[in-house]
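Position 41 of the sequence shown, counting from 1, maps to 44 under this note's numbering, and the rest follow consecutively. In this text, a Cβ means the ideal position worked out from N, Cα and C, and glycines have one as well. All figures in this text were calculated on a predicted structure; none of them were measured in a lab. Structure first, then comments.
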Amino acid sequence: MSNPSGRDSARRAAEAASQPEAQAAPEPGNGTPPQRKGQVHLKSPQSLERLRDRVREAARELERLRKENTALATRIRELEARPAVDAEGTLLIFDEDPDVLREKVEGFIEALDKYLARAG
4 MSNPSGRDSA RRAAEAASQP EAQAAPEPGN GTPPQRKGQV HLKSPQSLER
54 LRDRVREAAR ELERLRKENT ALATRIRELE ARPAVDAEGT LLIFDEDPDV
104 LREKVEGFIE ALDKYLARAG
């Protein structure tokens, strides 16, 4: 003969497992959103599409960051391979085109000259 109370507790456990758990209230002053647990039911096909778009966007951002990380690691290896100091002192290395850098520096010099002319 089977145990009716055992069946009832198993049924309640199965029902509880199929129900989404209540969201935990955020800690006061914590500033982090509560973590969802359990199943999430989407209200419409548009919700699913928005979720897919957000996942695709996150995947694209991760790929961009991986590429940037690879480029930075390559740049670090290149810089580590060059001597930072020679017989005359520290070497300055700029990533910019020399003409662009020259224009920027000349612009800064002009701005300083104008400021000093007004102040003096």
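- For G123, the secondary structure class from DSSP, reduced to helix, strand or coil, is coil.
- For D56, the enclosing alpha helix (DSSP H) begins and ends at 48–84.
- Just so you know, the alpha carbons of I96 and D102 end up roughly 14 angstroms apart.
- For G92, the three-state secondary structure derived from DSSP is strand.
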